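Data first, discussion second: the structure below is written as structure tokens.
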Amino acid sequence: MLFARECNFMLGAVSMDTLPEAGLPEIAFAGRSNVGKSSLVNALTGRKTLARTSGDPGRTRELNFFDLGGQIRLVDLPGYGFAKAPKDVSARWTRLTRDYLRGRVNLKRIFLLIDARHGLKPSDESVMSDLDNAAVVYQITLTKLDKLKPAEQKTIVEQTMARIARRPAAFPKVAATSSAKKIGLDDLRADIADLAAS
1 MLFARECNFM LGAVSMDTLP EAGLPEIAFA GRSNVGKSSL VNALTGRKTL ARTSGDPGRT
61 RELNFFDLGG QIRLVDLPGY GFAKAPKDVS ARWTRLTRDY LRGRVNLKRI FLLIDARHGL
121 KPSDESVMSD LDNAAVVYQI TLTKLDKLKP AEQKTIVEQT MARIARRPAA FPKVAATSSA
181 KKIGLDDLRA DIADLAAS
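Position 162, counted from 1, in the sequence shown is what the UniProt record's numbering calls 162; the numbers after and before it change by one each time, with no gaps.
Here you go:
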């Protein structure tokens, strides 16, 4: 029922003092550049152009807030890692993202997106360590699952579960999704609805 409600773009924050008031619960989508964060937001909400997508890494350069039915906010974060942007610009939005993730009181969970074809990379491990140290709950969300054969899909889920088993802030469930083929979206919507209800 939550995702049958209207979802609207609120604002793009470029600094901590331009964030909206911490009223509604928030969930954030984080991950390396071009991992599919904006595509997943669009697929979950059933809106093709709600979050802007691009083939160019680093297109999202703000913290983009979306209001879902007045119940919960979805936050599309800039990617980390390679991006087609000047280094000082990339460093600025990386700092903003990390400040938001560590200090937002109404942030219920981070969905940390990982390209299923490549698995966890050192940059992902670094972010996970930061979140572990800050005690911010995150859930690994594999994307582009349709690019793998069924046996490969099972293997990457098992490998990822093993990699997060001892991480204190990792949610003990891996979401496996494909925005293009609508795989795993209903399960992820259910997880988000539970967070909105709580």
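We put the CB at the ideal spot given by N, CA and C, even for glycine.
Note that this is a predicted model, so its numbers are computed, not measured.
Could you name the residues of the same chain whose beta carbon sits closer than 8 Å to that of R167, not counting the 5 residues immediately before and after it, in chain order? The residue labelled residue 167 in the question sits at position 167 within the sequence shown. M128, D132.
Using the beta-carbon count (16 or more within 10 Å), is P172 buried or exposed? Here residue 172 corresponds to residue number 172 of the sequence shown, with the count starting at 1. By the 10 Å Cβ count, P172 comes out exposed.
Under 8 Å, with one C-beta from each stretch per pair, do the stretch 145–157 and the stretch 28–45 reach the 3-pair mark? no
Can you tell me whether DSSP reads L26 as helix, strand or coil? The residue you call residue 26 lines up with position 26 of the sequence shown. The sequence given here places Glu at residue 26; Leu does not occur at that position. Here E26 sits in strand by DSSP.
Taking just the CA atoms, how far does L185 sit from P122? Stepping through the sequence shown from its first residue, residue 122 is reached at position 122. Stepping through the sequence shown from its first residue, residue 185 is reached at position 185. Cα to Cα, the separation comes out at about 27 Å.
Closest to F65 by C-alpha separation, out of V41, K48, G46, D115, would be which residue? As a working note, residue 65 is residue 65 in the sequence shown. Ranking V41, K48, G46, D115 by Cα distance to F65 puts V41 first.
Tell me the DSSP secondary structure of A134 in three-state form. By one-based count along the sequence shown, residue 134 stands at place 134. Three-state result, A134: helix.
Please report how far the alpha carbon of D67 lies from the alpha carbon of A176, in whole angstroms. Start at 1 with the first residue of the sequence shown, and residue 67 comes out as number 67. Start at 1 with the first residue of the sequence shown, and residue 176 comes out as number 176. So the alpha carbons of these two residues sit roughly 24 Å apart.
Nonlocal neighbours in the same chain, by C-beta distance under 7 Å from A169, ignoring five residues either side: By one-based count along the sequence shown, residue 169 stands at place 169. Excluding residues within five positions, the ones whose Cβ falls inside 7 Å are L131, D132, A135, V136, V137, Y138.
Would you decide whether I73 is buried or exposed? Buried here means 16 or more other CB atoms lie within 10 Å of its CB. Here residue 73 refers to the residue found at position 73 of the sequence shown. In the sequence as displayed, the identity of residue 73 is Arg instead of Ile. So R73 ends up on the buried side.
Reduced DSSP secondary structure (H/G/I, E/B, other) of N42: In the sequence shown, the residue the question calls residue 42 occupies position 42. N42: helix per DSSP, three-state reduction.
For L112, the nearest candidate out of N106, V105, R98 (CA to CA): Start at 1 with the first residue of the sequence shown, and residue 112 comes out as number 112. Of the listed residues, the one whose Cα sits closest to L112 is R98.
With 16 as the cutoff for other CB atoms within 10 Å, does T18 come out buried or exposed? Along the sequence shown, read from residue 1 onward, the residue named residue 18 stands at position 18. T18 is exposed by the Cβ-count criterion.
For V3, three-class secondary structure by DSSP: Here residue 3 refers to the residue found at position 3 of the sequence shown. One detail in the question is off: residue 3 reads as Phe in this sequence, not Val. Note: F3 maps to helix in three-state DSSP.
Cutoff 7 Å; reference L44; Cβ partners in own chain excluding five residues on either side: As a working note, residue 44 is residue 44 in the sequence shown. Excluding residues within five positions, the ones whose Cβ falls inside 7 Å are F3, L185, L188, R189.
My assumption, with CB atoms under 8 Å, is that Q159 sits in contact with G119. Please give the rounded CB distance. In the sequence shown, residue 159 corresponds to position 159, counting from 1. In the sequence shown, residue 119 corresponds to position 119, counting from 1. Right, the Cβ-Cβ distance comes to about 7 Å (below 8 Å), so this counts as a contact.
Measure the alpha-carbon distance for S161 versus V174 and round it to whole angstroms. Locating residue 161 in the sequence shown gives position 161, where the first residue counts as 1. Locating residue 174 in the sequence shown gives position 174, where the first residue counts as 1. Per the sequence presented here, residue 161 reads as Met, with Ser not at that position. Taking the straight line from one Cα to the other gives about 7 Å.
Look up Q71 in the DSSP assignment and say whether it is helix, strand or coil. One-based indexing of the sequence shown puts residue 71 at position 71. Q71 falls in the coil class under three-state DSSP.
Near K182, what residues of its chain come up, given a Cβ to Cβ distance below 6 Å and the 5 sequence neighbours on each side ignored? Along the sequence shown, read from residue 1 onward, the residue named residue 182 stands at position 182. Nothing listed; no residue qualifies.
Assign S126 to one of two classes, buried (16 or more other C-beta atoms within 10 Å of its C-beta) or exposed (fewer than that). Along the sequence shown, one-based indexing puts residue 126 at 126. Under this definition S126 is an exposed residue.
In whole angstroms, give me the CA-to-CA distance for S54 and L11. In the sequence shown, counting from the first residue as 1, residue 54 sits at position 54. In the sequence shown, counting from the first residue as 1, residue 11 sits at position 11. Any reading at S54 must be qualified, since the residue scores a pLDDT of 44, below 50, and its modelled position is unreliable; the value itself is stated next. Approximately 19 Å, taken between the alpha carbons.
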